[in-house]
Amino acid sequence: MTNKTIPLADLRYASRVPHIPARLDAPTGLLADTLGRPLRDLRISVTDRCNFRCSYCMPSEVFNKDYAFLPQTSLLSFEEITRLAKIFVAHGVEKIRLTGGEPLLRKNLEVLIEMLAKLQTPEGRPLDITLTTNASLLARKAQALKDAGLQRVTVSLDGLDDAVFRRMNDVDFPVADVLGGIEAAQKVGLAPVKINMVVKRGTNDSEILPMARHFRNTGTVLRFIEYMDVGATNGWRMDEVLPSAQVIERINAEFPLLPITANYAGETAERWRYVDGGGEVGVISSVTKAFCGDCNRARLSTEGKLFLCLFASQGHDLRALLRGNYGDDQLSAAVGHIWQARTDRYSEQRAALPADTSQPESSGKRVEMSYIGG
Ligand code: SF4
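Sequential numbering from 498 applies to the sequence shown in our numbering.
Here it is in C-alpha cells:
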C-alpha cells in the first residue's frame, strides 16, 4: 500500500490576535500553564523554506514548485524576533532553539544569533542558544555561527547509506557532506553535537545499527525519534512507527546499554549510555511514551505566530501586536495570558486512545512542522 499524502489546506493563517489583559502585570519568570508546566524553551522558526524534502515533514508532492512559500515581508525581522525573545526570557525561557524549515537558509543568521546571545535571564545567566539543521550548509557556516554566540547544534541525519538517506529526504545530497558538517561543528566547538534520526519502520530502520556503530566514541549524542503524525501532509500510519523500546533492544543486543537520568526537567530524549564507555544515545518517543507532563516548550512560527504544541492547529498572532504599536508590557501580558491558559497534551491524548483509533480528534488540521520547527 503506498503512502497517500494529503493536499495541504493553507493553514498558515489559522490564528487569532491575542487578547491583552486589562492588568499589565510585570513578568515574574514563574509563569505556569493549567498543568503547572513552566515556560522554559522557545523554538523559533526563522524560515519556512528547506532544501530537503523529508517525507515525514515536507513531502515533495505537497511542497513542490507550485507551493507558495512565505514572502520576505511576512517574516519576522531579526529585531522583532529579538524583541519577542526578550519578553519570553522575562517569563522564564532559558533555552532558545532556532529552527525552520532549514534555518541556515535564512540570510545573515549570525546577526540574529549575536542579538540573541546578548540576552540574559532575569538572574543574569546567558541563554542556552542552539539550532537544528540538516547540516547541508554547516561546514561552511560553523565558525561564523560559533563566533556569533551559538553554543550547540543538533543535526538531522536519517541514515548513512546514500540510497536510504535519499528515500527519507527525497533530494540528491551526499551523506558525506552532512558528516563533513558535523565534523566542522565539532572542530569549532559547537558541542556536544546531537544527531537526530527519525526512524520510519520499513524505510530506514535498517540504519539504526550502522548509525550507532558510526557515532559511538565520537563525543556526539545520537537520538532516535519515533515517526510522528505531525502536520497534515505526511500520510502518517501507526504501522510505520518503530517503538523506541525496539530501537533500544536492537542496539543493546550488540552494545549493552544502561539508562541514565535526564539532564533537566522537560528533556524530550530518554538517555542511555554504552556500558563499555562508548558514549550516549537517546530515544524520543512521542508516540509510545508521551512526555507532555513536563513539556515546557513554546514555538514561534516564521511569521510570529505562537503555537503551544507541535500538534496544535491554532496559533496566536503576536506579529499583529508587534506591528500594531503595542508596548512590551502589553505584549508581555498577552504572552503570559496565553501560556497560563495552555492545556495542550496531544501525545498523551493520542496514547490514551483505543487501539483501533490512531489519532485524536482535533479542532482543525494540525500545523506543519516545517512551519513551526520540530
Ligand atoms: S505533544 Fe505537545 S504538549 Fe505533548 S510534549 Fe509534544 S509539544 Fe508538548
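Even for Gly, the Cβ is constructed at its ideal location relative to N, Cα and C.
Give the single residue among the options whose Cα lies nearest to the Cα of residue i.
{"i": "V832", "options": "Q640, I745, G812, A682", "result": "G812"}
{"i": "P524", "options": "G779, P535, V744, L647", "result": "P535"}
{"i": "Q683", "options": "Q640, S552, V778", "result": "Q640"}
{"i": "V672", "options": "T730, A688, D702, M708", "result": "M708"}
{"i": "Y868", "options": "T730, E576, V514", "result": "T730"}
{"i": "V744", "options": "V559, R546, L706, N605", "result": "L706"}
{"i": "T715", "options": "D655, G790, I692, T785", "result": "I692"}
{"i": "V695", "options": "L628, M725, E680, D667", "result": "M725"}
{"i": "L634", "options": "R720, S844, V650", "result": "V650"}
{"i": "L567", "options": "M555, E800, G526, A688", "result": "E800"}
{"i": "I584", "options": "N605, L613, Y553", "result": "L613"}
{"i": "G763", "options": "L572, V772, R537", "result": "R537"}
{"i": "A874", "options": "Y771, G732, R603, M665", "result": "The question about residue 874 has no answer here: the residues shown for the chain are numbered 498 through 871."}
{"i": "L739", "options": "G776, R710, I781", "result": "I781"}
{"i": "R664", "options": "S703, N605, Q648", "result": "S703"}
{"i": "D773", "options": "L628, D563, L754", "result": "L754"}
{"i": "T627", "options": "R637, I748, L654, T596", "result": "T596"}
{"i": "V864", "options": "R820, V727, I835, G821", "result": "V727"}
{"i": "S810", "options": "C792, Y843, F788, C789", "result": "Y843"}
Do you know offhand how far residue i's Cα is from residue j's?
{"i": "A795", "j": "N548", "result": "25 Å"}
{"i": "I517", "j": "G824", "result": "11 Å"}
{"i": "A759", "j": "A529", "result": "21 Å"}
{"i": "N561", "j": "L521", "result": "45 Å"}
{"i": "A660", "j": "F752", "result": "26 Å"}
{"i": "S783", "j": "R839", "result": "19 Å"}
{"i": "P515", "j": "Q827", "result": "10 Å"}
{"i": "D545", "j": "G870", "result": "9 Å"}
{"i": "L818", "j": "H588", "result": "18 Å"}
{"i": "R513", "j": "R713", "result": "46 Å"}
{"i": "L505", "j": "K862", "result": "Because the pLDDT of L505 is 45, which lies under 50, any placement of that residue in the model is unreliable, and the number read from its coordinates should be weighed accordingly. C-alpha separation (whole angstroms): 9 Å."}
{"i": "V652", "j": "A519", "result": "43 Å"}
{"i": "A582", "j": "R734", "result": "36 Å"}
{"i": "P556", "j": "L601", "result": "20 Å"}
{"i": "N605", "j": "V559", "result": "28 Å"}
{"i": "A645", "j": "L850", "result": "46 Å"}
{"i": "R710", "j": "R594", "result": "28 Å"}
{"i": "M498", "j": "E737", "result": "Here M498 scores only 40 on pLDDT, less than 50, and its place in the model should not be relied on; the value that follows carries that caveat. Cα to Cα, the separation comes out at about 12 Å."}
Beta carbon of residue i: closer than 7 Å to some heavy atom of the ligand SF4?
{"i": "Y843", "result": "yes"}
{"i": "C554", "result": "no"}
{"i": "F566", "result": "no"}
{"i": "R794", "result": "yes"}
{"i": "S783", "result": "yes"}
{"i": "L807", "result": "yes"}
{"i": "A529", "result": "no"}
{"i": "A787", "result": "yes"}
Consult DSSP for residue i and reduce its assignment to one of helix, strand or coil.
{"i": "N666", "result": "helix"}
{"i": "I503", "result": "Caution is warranted here: a pLDDT of 42 is assigned to I503, below 50, making its placement in the model unreliable, and no coordinate value can be reported."}
{"i": "W769", "result": "strand"}
{"i": "T570", "result": "helix"}
{"i": "K562", "result": "coil"}
{"i": "I610", "result": "helix"}
{"i": "A809", "result": "coil"}
{"i": "G779", "result": "strand"}
{"i": "T629", "result": "strand"}
{"i": "T618", "result": "coil"}
{"i": "P740", "result": "coil"}
{"i": "E764", "result": "coil"}
{"i": "T579", "result": "helix"}
{"i": "E865", "result": "coil"}
{"i": "D814", "result": "strand"}
{"i": "N714", "result": "coil"}
Less than 8 Å between the CB atoms is what I'm expecting for residue i and residue j, so what's the real figure, rounded?
{"i": "L805", "j": "D841", "result": "5 Å"}
{"i": "L624", "j": "E591", "result": "6 Å"}
{"i": "L539", "j": "L807", "result": "Contact flag wrong, Cβ pair sits at about 13 Å."}
{"i": "P689", "j": "V718", "result": "5 Å"}
{"i": "R550", "j": "D667", "result": "4 Å"}
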